[in-house]
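J.:
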Amino acid sequence: MHNLITFVLPDTIAASKDLQMWRLRAIKAWLVSSCMNDSQTTHQLFKGAHIHRRNVMLVNGSCNRQEEWALLHEDTSNVAGTTAITEIHDIKDAPLITREAYERLCQTHATQYGVFGRVIACRAKKITTAFKDARLYLNTNAPFSAVVCGVQGSGKSHSVSVILENMFISQCPSIGLLQKPLSGLILHFGEGGAGASPCEAAWLAVSSSLSIRAPSVNVYVSRSSLNTMKKVYTPLMKKGNVKVSPLLFDEGDLDAQTFLSMMAVGSSDGAPLYIQILLSILRDLGENFTFNSFMRELDRKKKVLNPAQLSGLQQRLSLLEGFMRSPTSKSDARLKFSAGELTIIDLSDPFIDPASACGIFEVITRLFVRAKVDTGKVLVLDEAHKYLAIKNGTSPLAKSLLGLMRLQRHLAMRVIISTQEPTCVPPVVLDLCSIAILHRFSSPSWWEHLVKHVSADFSESDGFDEVVQLQTGQALILTPSGLGTFPRKEGEGVVERFGRRYLLVKTRKRVTVDGGASVLVLDG
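By UniProt numbering, the letter at position 21 of the sequence shown is numbered 21, and the numbering carries on one by one without gaps.
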């Protein structure tokens, strides 16, 4: 027989928000008293309550041991009405954090961060909070996913470049602390030909000061537009460490899935005969797939195709062959990913359509995920509205993107989607994003698409009016797991998640050259 303690709480305690804490103390007091038969310890642990004892038989006939408390948390951080942050993983994984919260929580943990901008206001319904220290930090140490949207001239590309500066430029105190630069891949697709413009992210290779060490940028383009694209990137090649090379795959880069993506082969349902033949050959080869063995089997089986089917097959094969490296070629640079370097895949080519670009991007993304770089990775989809909406967001690239976001913590991956039109982003991708950065736009349909898939509570605010009136460089930022310091009635402020609040932020200035500035008739 063992003693069981019955605790009768005072009414003032039972009605308070600290009820859960008192319950935990009661359990702990019972354990100590039962194991040690020490009523004095019980009274010290649980003051303010009436204690009664009666005899009961314990299950298994043994006493609970105090060691069982070693893995239990005696805190009230998850009790209704209290949201203070105490868990280490909540601190380390927060994508955005204010300076005040950083000083309180993060300085004792290994981390790296970059200055993103200045918080003008933090809003929740009709409540506005202003932080004493307005600096907002981007956590570059932990994986995250972000959607950045806004019309041209609103500051969208500037924000993406600021994020990349924080991930690739070290030894620059004015933008934060970066101990280990990341490895980056940027997917870009635009209008081809002589009037093409370079990917704006390439300007990260051109610093605005001699004291800034800009990262190396490797640009890969289609072989058919190599000379044209070299002319497009010539201004950057003269000013910074930018190299332009043809995008060519080695046979070892291709597996069956890569081949299907390059050939833009989707489901076999309702597919033409030549697609059925392709799939049949791939199934037969299985893990023994090589490009040469596939071509041999295809030459043997394509005799059953009629001229129209042969034409469709040849059209798809020509795209694949245009990106294959010749066995005798030794001079062309090979696609590689390295720590501290940006790799840009620029498929601005009049002979490449969005569907083909989407397939090639999916292949590159798979290679990037598999690459060993000994650091974190960042994938940027630049001008995503030009290719991500293919097949209503069900393209292989969209599916691959979704898989990356679900596994980003295990792959050390950061995903950034930059687009003018948020409607091109599949709803499930918006649901998974940890950061939404909204620059100025004026489309009600865009707003309706976004607010259905974000956590911020705009029910009692004029959020859309605020977005329409944003100045260049300003943005509304939604990041539920970000951390800030908020005032309490008694004592100093408490570090909490932003939750359903949203931030009005002004992005900081760049330390590299801004290549996306508007071209005006008159300067000054």
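All C-beta atoms in this analysis are idealised placements derived from N, C-alpha and C, irrespective of residue type, glycine included.
1. Assuming A357 and F189 make a contact with CB atoms under 8 Å, what is their CB distance in whole Å?
2. Tell me which residue opens and which closes the beta strand (DSSP E) that T343 is part of.
3. Could you tell me whether the Cβ atoms of T485 and R65 are closer together than 8 Å?
4. Could you tell me if H52 is buried or exposed, where buried requires 16 or more neighbouring beta carbons within 10 angstroms of its beta carbon?
5. For C122, which residues does DSSP report across the bridge?
6. Helix, strand or coil: which one does DSSP assign to G463?
7. What is the rounded straight-line gap between the Cα of G252 and the Cα of A202?
8. Determine the direct distance from the alpha carbon of P480 to that of L404, and round the result to whole angstroms.
9. Determine the direct distance from the alpha carbon of V494 to that of D90, and round the result to whole angstroms.
10. Mind checking which residues open and close the beta strand (DSSP E) that includes V511?
11. Of the residues W69, S159, L347, which one's Cα is nearest the Cα of L204?
12. Counting Cβ pairs closer than 8 Å, one from the region 272 to 281 and one from the region 300 to 310, do we hit at least three?
13. Out of F498, H439, S445, state which residue places its alpha-carbon closest to the alpha-carbon of S157.
14. Is H89 helix, strand or coil when you go by DSSP?
15. On the DSSP letters alone, give me the boundaries of the beta strand (DSSP E) that V151 sits inside.
16. Give the range of the alpha helix (DSSP H) segment to which T394 is assigned.
17. Find out if the Cβ-Cβ distance for the pair residue 525, S245 is shorter than 8 Å.
18. Roughly how many angstroms lie between the CA atoms of G359 and E496, to the nearest whole one?
19. How big is the Cα-Cα spacing for G155 and S445?
20. If you reduce the DSSP assignment to three classes, tell me which class P444 lands in.
21. Among F351, L178, A134, which residue has its Cα nearest to the Cα of A142?
22. By Cβ distance below 6 Å, which residues in the same chain neighbour S400 in space, the five residues on each side in sequence not counted?
23. Please identify the residue among K92, L71, A70, L72 whose C-alpha is closest to the C-alpha of G482.
24. Hey, could you find the ends of the beta strand (DSSP E) H188 is sitting in?
25. With distances taken from CA atoms, which of M324, Q408, D514, V513 is nearest S222?
26. What first and last residue would you give for the beta strand (DSSP E) that runs through N218?
27. Tell me which residue opens and which closes the alpha helix (DSSP H) that E103 is part of.
28. Using a 10 Å radius around the Cβ and a threshold of 16 neighbouring Cβ atoms, would you call E383 buried or exposed?
29. L320 and L313 look like a contact to me (Cβ under 8 Å); what is the Cβ gap, rounded to whole Å?
30. Have a look at L317, S311, L310 and flag the residue whose alpha-carbon is nearest the alpha-carbon of F291.
31. Under 8 Å: do the region 107 to 116 and the region 368 to 384 share three or more Cβ pairs, one atom per stretch?
32. What does the Cβ neighbour count give for T234, buried or exposed, with the cut at 16 atoms within 10 Å?
33. Taking Cβ positions, are T98 and D133 nearer each other than 8 Å?
34. Where does K156 fall in DSSP's three states?
35. From the DSSP secondary-structure annotation, give me the bridge partner or partners of M413.
36. On the criterion of 16 or more Cβ atoms from any shown chain inside 10 Å, does L407 qualify as buried, or is it exposed?
T.: Per the coordinate set shown:
1. Your pair A357 and F189 checks out as a contact, with CB atoms roughly 5 Å apart and the cut at 8 Å.
2. 341 to 346
3. no
4. Annotation note: pLDDT 48 at H52 (below 50); position unreliable, no value reported.
5. T129, L503
6. helix
7. The straight-line gap from Cα to Cα measures roughly 28 Å.
8. If I take the Cα positions, the gap works out to 20 Å.
9. 15 Å
10. That residue, V511, is in no beta strand (DSSP E); it is neither H nor E in DSSP.
11. S159
12. yes
13. With distances taken between Cα atoms, S157 lies closest to H439.
14. helix
15. Premise fails: V151 is in no beta strand (DSSP E) and is neither H nor E.
16. Segment: none, T394 is in no alpha helix (DSSP H) and carries neither H nor E.
17. This structure cannot speak to residue 525, because the chain is shown only from 1 to 524.
18. Separation of G359 and E496 (C-alpha to C-alpha, rounded to the nearest whole angstrom) is 42 Å.
19. Cα to Cα, G155 sits roughly 21 Å from S445.
20. helix
21. L178
22. Once the five neighbours on either side are set aside, the close Cβ partners of S400 are E362, T365.
23. K92
24. It spans 183 to 188 - the beta strand (DSSP E) in which H188 sits, taken as one unbroken run.
25. M324
26. 216 to 221
27. Element bounds for E103: n/a, residue is neither H nor E.
28. So E383 counts as buried.
29. 11 Å between Cβ atoms; not a contact.
30. The shortest Cα separation from F291 among L317, S311, L310 belongs to L317.
31. Result no; under three Cβ-Cβ pairs closer than 8 Å.
32. Result: exposed.
33. yes
34. K156 falls in the helix class under three-state DSSP.
35. K377
36. By the 10 Å Cβ count, L407 comes out exposed.
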